[in-house]
Amino acid sequence: MQLTKLVVAMGVAWMVGYGAPGLAQTAPDAPASGTQSSPPPAKAAKPAKPGATDGDDKKVTELGAVAVTGQLAALQRAQAIKQDSVNVVDSISAEETGKFPDPNVADALQRVPGVSVNRSGGESSQIAVRGFGPEFVAVTVNGRPMATASGSRAFNFDVLPSEIISVAQVNKTSSADITEVDIGGVVDIQTARPLDFSGYHGAWSAAGVNSNLTGDWKGKTTPKASGLFGWTNSDHTFGFMGSAWYYKRKDTQLNTQANSWYADQNISQLSNLSNPNYTNVAVPETLASNVLDETRVRKGVSGAIDWKPIDRLTVQFDTLYSSYKVDPFIHYFGEYGNTGDIQSLTTDPNGTVLNFVRNGSGPNVMANDYVMSYTPSYEKSYQNGLNLGFDIDESTKLSLDVSSSKAWNKESPNGYFLVVGAKNFGTNPTWTNGGDSQPPSYSNILSPTDTSVLRAHCCNAGSGNDVTNKIDNYQIKLDKAFNEGVLSRLVAGVQYTKEWVKSVSWGTPNSILCNAYCGYSVDVPADAIGAYIYKAPPKIHGVSSPGQPSEFIQYDPRAYLSWLASPAAYNQLTPEKRDALLAGLAANGGTFDAIPNPGSYNNVAEKEKSAFAKVVFEGTMWDKPWALDVGARYLHVASTSTAVNQPPIAYRIDPNDTSNGQVTYGPLEPQSADGGYHKWLPSLNFKWNLLDNLVYRFSWSKTLTPPALSNLYYNTSFGTRPNSLTISRGNPQLQPYSSRNYDMGLEWYIDDASYVALEGFYKKVSNFSTLVSTPVPFLTNENTGQPFIWSLTQPINLNSSNIYGAEATVNYQFKNLLPEPFDGLGVALNYTRVKSSTNLSPGLIAASGKFAVPGIGDSANASVYYEKGPVQVRVAYNWRGKYLESLSYGAGAQPATRSDYGQVDLSASYAVDKHLSIFVSGTNLTHEHLYDYSVYRNRFLYAEADGTVYTVGLRGTF
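The opening residue of the sequence shown carries number -17 in the numbering used here; numbering runs sequentially from there.
Take a look at the structure:
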């Protein structure tokens, strides 16, 4: 009793010290345990504690007894999970088996309070929790680690369809037996179990998907289908379940980008001008107008078996395979910047260029770049898991869980980025800032449809990195329940996880294409490359550059590569370049085909050993039931980073294009280094029913997030643009981010589908990885005899920050308040406010180099739903406030900010009978778009429009 009073006193003191009470959401101990095994078997009824009702005794809501289905049932299940748990959790539940209106798991998770999503291509791909970005959020499927081919620790949710979800649970506070630990939280995707059903059971759906920029239903309609089938025997000792899904969507995306901004530029020096007003100027790197014609395909299968060969033994097997392919063919009109050819400019008081005029003669004349680009992605992943649960006695279970997961994306060899250009001789291209709400534009350029002045430029075959991630996980756990006294439950176990991530880029080897052709010095016959005039979609305000041409030149990329390897092309080169090109082609089989770049190879292997234990106490205080979950996890991680470096041995600035550098690389240099850490991670969760329907919570824990994979990579990369020469190198000895976490909240449960919650949280995070740059001389300038000065950047553990905020949630179902037919109405509202002690303005960050935490920002969700008889309708608004995307974005290494974004989605269905329903959904009905900027809003970085996606179909059950 003294212990519980101490915990309550801690909570009250924290509330007084840090402000108004917050409200929590929480998860049941069993799903949070990190394995497939169920809680210990039912034991003899425990005597009721003084003043306790039957509902106060330790039990989880019997969701199987709920007769309702649809949205209301999903809300009831999610609320029961939250109310019954001890640690702080939020969750979403499927309306019925295999039924979610959202395209993928991330789209579904955005409904959860405190969860916001990263969007691109009309779907959500990764999530942030309470402002902590994807790298700070761990993901498990059925309590088991799931591999991802993102190339980082951030999980790509778009590979998983929403149909696999039975319950998706977001653990916002730590408990010692949760399989993963992360500062932002742990998301567990739980699939349906065969023994939850009886006899034969199944569901299917078939739909058409239409995506377009205008919001009209037009263009290509593509299929979406899923099916689930299972059987469980009459005595519930054996059952199986299998499912499959297929989703295809064709869409067009518009985006405009500047790539980066270069600050503090001395244009007087760079352009040989003498105007003192041309110093400390910020200029953009480029202006690119892109049209992406995409095809997205998601498909996969899953299966599960539950078997009880004897009364005391439960065997569970799960398998999941899913893939997500994106084919983006990019039509690209580019106008690359070069500070060396600016002849006049104006700026605002912040030094941001408002307009500039470029030369129309000399080597640095701007080109109209006609780019063909293809950056395919084909992520595949699987997870297999086996769990053996043995009941030692009626209150004790011993379980063994073994799982293996792998993800890979190996499409890099099939990509390309190719440029044909036409230099603007005789004109003075003029750049104009678009202000705070639209991209900039160029005027006074050559006709973008003139095919008679085409010149070869760059770049290569191949795109991006091939990534493979493999995780093997083993866990033994003992779960003991107690019938007498305050001690209620003991959980202890050990876990071993082995993970490796491998990454290598593909491209035309040794820069043989660019070293020969970059600089627009070779004439290109239009018919030799299949040149044609491309008509772009109509412009979209706020996304399209006002000066973007409605038509511009495009061509056959394979024909272009073939022509560059022909005598008609290379005989126009200088003898030196021609000989180097022919030698490179011969070494590469006579083509420019992509091969693995050995100098980009990285492998990070980690072995994690852990042991954990927690105890759960239950009792009453002032006749009100309480529960205390206290425990600790010990982690020991050993890592090895392996890389192959290939440093440059010579560097020169292209005299035909002084914005471009040409590199000669030296021999390969393999190397490796070890790292690691060991940590104790205690946790405490306290829950107290102040009233029968009013719950108070307090939590304290230590958590960590492993160092970013990109920071552990041991290879060295080189940025070779003359105005931004950079060297980037990883640090295998980095330590993890660490955090002390405090949470407190109140939850008022009005009925089984209505509640009000308020929660406060505070995280004291240290060991942030910070990039530190140092100027170093490297390689000699052949024109001056002096070394080039490069910026060497490496990550170190340096900064700390306090992250704090509050979440407010209101879910209300009007069934007891409004008359028929309005009693089917309900609302679900939540708002999360997040602040940081290092929440500086981007201007101050850029000027001072001070640290701030990326990703911190507010989020909110508001939905109105109606469910009555055969009709279900839901309208939702999902919003994420502006946030700092990056402290150092692009070659200019300036901060990047994403503007606030909100979109309206709708889903509806009509039940024809109890086995068949018609459904329709629409996402982004208001045609919102993304907008990024650097430091100030008039330093435009990126804008994207994806339009609206409609889905119409049928769904059946049996």
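Even for Gly, the Cβ is constructed at its ideal location relative to N, Cα and C. In this text, all values refer to a predicted model and were calculated from it rather than measured experimentally.
Cβ pair residue i, residue j closer than 8 Å
i    : j    : result
G103 : Q235 : yes
H909 : A925 : no
L666 : S683 : yes
P630 : G648 : yes
D418 : R856 : no
A120 : G837 : no
L650 : P580 : yes
Q477 : S592 : yes
G945 : W488 : A question about residue 945 goes unanswered here, because the residues of the chain that appear run from -17 up to 940.
F796 : L811 : no
Q238 : P395 : Correcting the residue type first, residue 238 is Thr in the shown sequence and not Gln. Result no, Cβ atoms of T238 and P395 do not sit closer than 8 Å.
G397 : V353 : no
K864 : G884 : no
Neighbourhood of residue i by C-beta distance below 6 Å, restricted to the same chain and skipping five residues each side
i    : result
N100 : S107 and Q108
I515 : T431 and E533
D948 : Residue 948 falls outside the range modelled here, since the chain spans only -17 to 940, and no answer is possible.
T228 : Checking the displayed sequence, the identity of residue 228 turns out to be Tyr instead of Thr. Excluding positions up to five away in sequence, the list reads A207 and K281.
T479 : N455 and E590
D123 : Per the sequence shown, the amino acid found at residue 123 is Val instead of Asp. The residues are I171 and Q365.
G501 : D636, N638 and D639
A264 : W243, A245, G333 and T334
P127 : I453 and N455
V738 : W730 and V792
R471 : A463 and V598
G184 : L210, F211 and F940
T203 : G190 and N192
C-alpha distance - residue i paired with residue j, whole-angstrom precision
i    : j    : result
V504 : I324 : 25 Å
A609 : T602 : 9 Å
A136 : H313 : 29 Å
A349 : V401 : 10 Å
L380 : V597 : 16 Å
I709 : T756 : 10 Å
G727 : L370 : 37 Å
R437 : Y695 : 38 Å
F922 : D928 : 19 Å
S841 : R815 : 7 Å
Y859 : V809 : 12 Å
R278 : A189 : 16 Å
P415 : Q876 : Checking the sequence shown, residue 415 turns out to be Asn, not Pro. Taking the straight line joining both Cα atoms gives about 18 Å.
F372 : Q457 : 14 Å
P266 : G872 : 11 Å
I771 : N697 : 20 Å
Q554 : A404 : 17 Å
V943 : V506 : This structure leaves residue 943 out entirely; the chain is present only between -17 and 940.
L761 : E588 : 36 Å
I511 : H439 : 13 Å
Q298 : D914 : 47 Å
S527 : T357 : 23 Å
A90  : D733 : 24 Å
T622 : G446 : 24 Å
W199 : N69  : 45 Å
Neighbourhood of residue i by C-beta distance below 7 Å, restricted to the same chain and skipping five residues each side
i    : result
E764 : R634
P803 : K850
K41  : Because the pLDDT at K41 is just 30, under 50, the model does not fix this residue reliably, and the point stays unresolved.
S343 : F407
Q653 : A625, N627 and Y696
Nonlocal neighbours in the same chain, by C-beta distance under 8 Å from residue i, ignoring five residues either side
i   : result
A56 : I74, S75, A76 and E77
Any non-hydrogen atom of the ligand FAD closer than 7 Å to residue i Cβ
i    : result
V339 : For the ligand FAD, the structure offers nothing, since it holds no ligand at all.
Could you give the uninterrupted runs of the beta strand (DSSP E) lying entirely in the segment 112 to 166, keeping only those of 3 residues or more? Within the segment 112 to 166, the complete beta strand (DSSP E) segments at least 3 residues long are 119 to 123 and 149 to 153, listed from N- to C-terminus.
Quick check: the segment 260 to 274 against the segment 206 to 224, are there 3 or more CB pairs under 8 Å? Using a Cβ-Cβ distance cut-off of 8 Å, the segment 260 to 274 and the segment 206 to 224 are not in contact, since fewer than three pairs of beta carbons, one from each stretch, lie closer than that value.
- [ ] Would you be able to state if there are at least three C-beta pairs under 8 Å between the segment 285 to 304 and the segment 164 to 183?
- [x] As far as the Cβ criterion goes, the segment 164 to 183 touches the segment 285 to 304, which means the pair count is three or higher.
Q. Could you give the uninterrupted runs of the beta strand (DSSP E) lying entirely in the segment 442 to 530, keeping only those of 3 residues or more?
A. Fully enclosed beta strand (DSSP E) runs of 3 or longer: 447 to 463, 469 to 489 and 514 to 517.
Requested in this report: Pick out the complete beta strand (DSSP E) segments inside the segment 870 to 898, 3 residues or longer, and give them in chain order.
Outcome: If we require 3 residues or more, the beta strand (DSSP E) runs fully inside the segment 870 to 898 come out as 876 to 880 and 883 to 895.
Continuous beta strand (DSSP E) assignments of at least 3 residues falling wholly in the segment 712 to 788
Qualifying beta strand (DSSP E) stretches, in chain order: 719 to 733 and 736 to 762.
Quick test of the definition: if touching needs 3 or more C-beta pairs under 8 Å, does the segment 538 to 551 touch the segment 569 to 586? Between the segment 538 to 551 and the segment 569 to 586, the count of C-beta pairs closer than 8 Å reaches three or more; the two stretches touch.
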